[in-house]
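Report on one structure; see the data block that follows.
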Amino acid sequence: MKRIEFSEANAKTKHPAKVVVAIVKDKNGKFNPITLEWYMKTSIKPPMFAISIGHTRYSYECIQQNRFFNLCFPSKEMIEATKLWGSKSGRDMDKLEIAGHDWFDGRLAKYPIIKDAKATFECQVITQVKSGDHTIFVGEVKYSWLDEEKEVQTVKDLM
């Protein structure tokens, strides 16, 4: 074992990791999906997830305005959409519409449930913590959706 820079060690240990998509809503009611690798379960009772979003991201503005997000575990059928949602800004386009996946309104705040996803968790933000150039948003899961036939996507699928 030898001592090396964080970036090198991180690059060699982070895969395969699952990716998620957080769907947020802007002040005008437009939904914006963002691909994230930084998320985690934080509680079983009540069920909670935490997501980390950079302060310069459009999704950061959106979640500050509307305190809900849907946490979507994309399926293998969603690889191209997941790439788009992680590489383009919702400031410039309607990423949900461009990706073309069918969806229906969720129950909590009517945020999209994408039909091709493996799973989706509808979350209400209950707290947030600033973490350097990101903020960690903790959401309590209010409703859960699952398609048992879909296979969940990993970061490796996007490479």
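Letter by letter, the sequence shown follows residues 756 to 914 of my numbering. Heads up, the beta-carbon is just placed ideally off N, CA and C, and yes, glycines get one too. For clarity, every value in this text was computed on a predicted model and none was experimentally measured.
For residue i, tell me which candidate among the options has the shortest Cα-Cα distance.
| i | options | result |
| --- | --- | --- |
| Lys997 | Met914, Lys897 and Val779 | Because residue 997 is not part of the residues shown, which for the chain are 756 to 914, the question remains open. |
| Thr811 | Arg846, Lys767 and Asp912 | Arg846 |
| Ala864 | Ser762, Glu877 and Trp858 | Glu877 |
| Val775 | Arg862, Ala854, Ala805 and Asp857 | Ala805 |
| Lys897 | Pro801, Ala836, Lys843 and Trp840 | Pro801 |
| Met848 | Lys785, Asp912 and Ile759 | Lys785 |
| Lys796 | Val910, Asp860, Trp858 and Ile891 | Ile891 |
| Val910 | Ala764, Phe823 and Thr790 | Thr790 |
Please return the same chain residues whose Cβ sits closer than 8 angstroms to the Cβ of residue i, not counting the five positions on each side in sequence.
| i | result |
| --- | --- |
| Gly809 | Tyr815, Asp888 and His889 |
| Lys873 | Phe828, Pro829, Ser830, Leu901, Asp902, Lys905, Glu906, Val907 and Gln908 |
| Asn787 | Ile778, Val779, Lys780, Asp781, Tyr813, Ser814, Cys817, Gly845, Lys850 and Leu851 |
| Arg862 | Glu877, Lys897 and Tyr898 |
Using the C-alpha atoms, what's the distance from residue j back to residue i?
| i | j | result |
| --- | --- | --- |
| Ser961 | Asn821 | There is simply no residue 961 to check, as the chain begins at 756 and stops at 914 in what is shown. |
| Thr882 | Asn825 | 16 angstroms |
| Met833 | Asp871 | 7 angstroms |
| Ala766 | Ala772 | 12 angstroms |
| Gly894 | Ala836 | 24 angstroms |
| Ser842 | Lys757 | 34 angstroms |
| Val880 | Ile799 | 16 angstroms |
| Asp860 | Trp793 | 25 angstroms |
Spatial neighbours of residue i within its chain, please: C-beta separation below 7 angstroms, excluding the five flanking residues on both sides.
| i | result |
| --- | --- |
| Lys782 | Gln820 |
Sort out for me which residues DSSP pairs residue i with in a bridge.
| i | result |
| --- | --- |
| Tyr898 | Glu877 |
| His889 | Gly809 and Ser886 |
| Trp840 | DSSP lists no partner for Trp840. |
| Asp849 | None, per the DSSP bridge assignment. |
| Ile759 | In DSSP, Ile759 forms no bridge with anything. |
If you drop the 5 nearest sequence neighbours on each side, which residues of the same chain put their C-beta closer than 6 angstroms to that of residue i?
| i | result |
| --- | --- |
| Ser899 | Phe876 |
| Leu867 | It is worth fixing the name first, because residue 867 is Pro in this sequence and not Leu. Contacts found: Ile778, Phe786 and Trp858. |
| Met803 | Thr797, Val893 and Glu895 |
*Go through the region 761-809 residue by residue and report every complete run of the alpha helix (DSSP H) that reaches 4 residues or more, in order.*
761-768
*With a floor of 3 residues, list each beta strand (DSSP E) that falls wholly inside the region 808-838, ordered by position along the chain.*
823-828
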